[in-house]
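Enquirer: Pasting a structure below so you can have a look.
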Amino acid sequence: MAPPPLPAQLPLKDLIRLGNDRHAIKEAVISLFFGSPFIEPVRFQGVLRPPLDGYFNQFELIRQFQVQLEGNQDTFRMQPTAPRVEDVGFQFTRYEQGNVVRVLTGRNAPDRVSLSLHTMRYERWDDFRELFDQLAAQLAPHLVNMVVLGCALHYVDELEWVGPGPLPLNAIYQRDQPYLPEHFFESPMSELLLNVQHEADGVPFFDRLHLTSTQNGRPVATISHYLVHQFASQLDLSAHLQLDQGSYLRQVLQAAHEQNKARLRRILQPAILDLINLPQ
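So the sequence shown is numbered by this note's numbering: it starts at 6 and just counts up by one.
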């Protein structure tokens, strides 16, 4: 059974708390993926801290602890070895009044090597992309010969239901459209994960849309939209920025941004689009 309709006497803005004062974006992330690992992550504190001081005010290493078991199989006695600490990345963080507002993370993971810029105070796309351009220009000379395999844009939108009763999914999402099956609306705790490959503005993407309806026991509609593009060329970051002044990298990120807006327009109710200030 579908959730009940919104209380007619209350305006929508009094029933939903947005992830941001002027829109629903809780976090936005631009990522680059590399074909080789960051060598000696600790060195990035010395080479990057001076040029990045205006953007971040804390540096820390990302460390991984590994413990192995050793013993005799005949006696079934196994003892843990001393933990081995390995630096697997670095992180620059910007704090303002005790709150994290911006993070730059470089990480060597088993399945990928990534450099990601996170903002928790997203205002405008042009501002976020300009910030990424500035940081990329500072980072590029220190990432020579690290081939960029791809890039990604990730948006996380949050709409917390503060009205009476359960989260009314039918008041947030559009019914009878290709992305959301009718079964999705039968429970206020529904979750949906959709992975597709397609093109947007001539740029091929791996597109992941993840919708959830609860967060820490609270009724929160969360829209996680993640778009990844794999580059055909084998270039490092400096070469990407110099190639037509970085126009292709910007084209890819712009296409991902436009695709995110297009997706939200397809799945959200017109009243929600007005609430989050996304023109229809």
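Beta carbons: idealized from backbone N, C-alpha and C, even for Gly.
Give me whichever residues DSSP pairs with E191 in a beta bridge.
Expert: The sequence position of residue 191 within the sequence shown is 186, counting from 1. Beta-bridge pairing links E191 to no other residue.
Enquirer: How is E45 classed by DSSP in three states: helix, strand or coil?
Expert: Here the question's residue 45 lines up with position 40 in the sequence shown. Residue state, collapsed to three classes: coil.
Enquirer: Taking the beta carbon of I35 as the centre, do at least 16 other beta carbons fall within 10 Å, making it buried, or is it exposed?
Expert: As a first step, residue 35 must be located in the sequence shown, where it is residue number 30. Result: buried.
Enquirer: Looking at L280 and I21, is the spacing between their C-beta atoms short of 8 Å?
Expert: Locating residue 21 in the sequence shown gives position 16, where the first residue counts as 1. Locating residue 280 in the sequence shown gives position 275, where the first residue counts as 1. In contact: I21 and L280 (Cβ atoms closer than 8 Å).
Enquirer: By how many angstroms is the C-alpha of L23 removed from the C-alpha of T124?
Expert: Taking the sequence shown and counting its residues from 1, one reaches residue 124 at position 119. Taking the sequence shown and counting its residues from 1, one reaches residue 23 at position 18. Approximately 16 Å between the Cα atoms of the pair.
Enquirer: Could you tell me if P46 is buried or exposed, where buried requires 16 or more neighbouring beta carbons within 10 angstroms of its beta carbon?
Expert: Counting from one through the sequence shown, the residue named residue 46 turns up at place 41. Its Cβ being crowded by 16 or more others within 10 Å, P46 is buried.
Enquirer: Quick one: residues in its chain with C-beta nearer than 7 Å to the C-beta of Y231, no 5 flanking neighbours on either side, listed in chain order?
Expert: Working through the sequence shown from its first residue, we reach residue 231 at position 226. Hits under 7 Å: A157, H159 and R213.
Enquirer: So the candidates are L154, A141 and D58; which of them puts its Cα closest to the Cα of V233?
Expert: One-based indexing of the sequence shown puts residue 233 at position 228. The option with the nearest alpha carbon to V233 is L154.
Enquirer: I want to know whether the region 269-278 touches the region 174-185 - three or more CB-CB distances under 8 Å.
Expert: Segments in contact, yes.
Enquirer: Where do the N-terminal and C-terminal ends of the alpha helix (DSSP H) with P209 fall, by residue?
Expert: As a working note, residue 209 is residue 204 in the sequence shown. Here P209 belongs to no alpha helix (DSSP H); instead the beta strand (DSSP E) covers V208 to Q220.
Enquirer: Span of the alpha helix (DSSP H) holding R271?
Expert: Here residue 271 refers to the residue found at position 266 when the sequence shown is read from its first residue. Segment S252 to I272, the alpha helix (DSSP H) holding R271.
Enquirer: Check whether the Cβ atoms of E32 and V161 lie closer than 8 Å to each other.
Expert: Reading the sequence shown from its first residue, position 27 is the one you call residue 32. Reading the sequence shown from its first residue, position 156 is the one you call residue 161. Yes, the pair counts as a contact, with Cβ atoms nearer than the cut-off.
Enquirer: Is M6 helix, strand or coil when you go by DSSP?
Expert: The residue labelled residue 6 in the question sits at position 1 within the sequence shown. Its pLDDT being 49, under 50, M6 is placed unreliably by the model, and nothing is read from it.
Enquirer: Assuming I67 and V93 make a contact with CB atoms under 8 Å, what is their CB distance in whole Å?
Expert: Position 62 of the sequence shown, counting from 1, holds the residue named residue 67. Position 88 of the sequence shown, counting from 1, holds the residue named residue 93. About 5 Å separates the two Cβ atoms, so the contact holds.
Enquirer: In whole angstroms, what separates the C-alpha of D181 from that of R134?
Expert: As a first step, residue 181 is located in the sequence shown; it is residue number 176 there, counting from the start. As a first step, residue 134 is located in the sequence shown; it is residue number 129 there, counting from the start. Their backbone Cα atoms lie some 34 Å apart in a straight line.
Enquirer: Anyone know if the C-beta pair for L122 and G111 falls short of 8 Å?
Expert: Here the question's residue 122 lines up with position 117 in the sequence shown. Here the question's residue 111 lines up with position 106 in the sequence shown. Against a cut-off of 8 Å, the Cβ pair of G111 and L122 comes out as no contact.
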